[in-house]
Ligand code: ADP
Ligand code: ADP
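Residue numbers (full-length UniProt numbering): 20 to 247.
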């Protein structure tokens, strides 16, 4: 099935400036898309558009067969930097449970299945031991993995990651690559923004290359080898 389809989709934060223009692409179940381009090229904008946080001002965008806002409950999102105030008195477990709430929708309390899902997500990112710790007291790398757990805990059909490899050491990089591979094998589609061509080649099937005046979409092989 097609997970993401964009036809001449343009995005804007306000009515006067187009932040990202004329994106055309198609991504299927289990495929992974790398967003590559310099700062300001529109990588975060595209992720926010897929989440339905900013509108398409022209063209069309279909996410999991629906308009973006409607699909957002089936999407996991890891923002570029954590959006949790370090003073906020919340444990790692509670942060990950927040990701679970998003998929529950209104009028449902979390049950034992949700608590189990939280524990599993924490195990997958190697943070089971830290579950009860104050989120703000964790190291930067641990907070980043906590945000990843929050993004995957709802067992999303599509996972969006904004620069997830930034600041990771080699072993954490390998672990993240492996986790992304497992998720893809179970049918999850992935969109990941990165500056790193090597990561894109290792983790992704497709590339959306964003430049100021030119946008290119294709398979990793066709886009990245033509650059070299
Ligand atoms: P990247 O993630 O590739 O660094 P962005 O998506 O953040 O790029 O930026 C793309 C364009 O959108 C830039 O011209 C930027 O100035 C503009 N932009 C980003 N965030 C906002 C915002 N909150 N309000 C208005 N314009 C924005
Ligand atoms: P609300 O509409 O409830 O105010 P937003 O959609 O504006 O929430 O998102 C608030 C924060 O929640 C975002 O900054 C982002 O970090 C996180 N978030 C958004 N969508 C998702 C998602 N699908 N999965 C996990 N976290 C998300």
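Ideal placement from N, C-alpha and C gives every residue a C-beta, glycine not left out. Keep in mind the model is a prediction, meaning the values are calculated, not measured.
Apart from sequence neighbours up to five positions away, the residues of its chain that approach residue 174 with a beta-carbon distance below 8 Å are 122, 136, ordered along the chain.
In terms of CA proximity to residue 204, 50 leads the group 234, 133, 50, 101.
Cβ-Cβ distances below 7 Å link residue 29 to 37, 39, 40, 41, 75, 76, 77, 78 in the same chain, with the five nearest sequence neighbours on each side left out; the list follows chain order.
Bounds of the beta strand (DSSP E) holding residue 52 are 51-55. A straight-line Cα-Cα distance of about 21 Å links residue 134 and residue 178.
What you get when you keep residues with a C-beta closer than 5 Å to any heavy atom of ligand 1 is 32, 38, 58, 59, 60, 61, 62, 63, 64.
Between residue 99 and residue 63, the beta carbon gap of about 7 Å places them in contact (Cβ cut-off 8 Å). The beta-carbon separation of residue 211 and residue 168, rounded to 16 Å, does not stay under the 8 Å limit for a contact. In the displayed model, residue 41 falls within a strand according to three-state DSSP. With a cutoff of 8 Å on beta-carbon distance, residue 24 and residue 83 are scored as not near each other. Looking at 56, 60, 91, the one whose alpha-carbon comes closest to that of residue 69 is 91.
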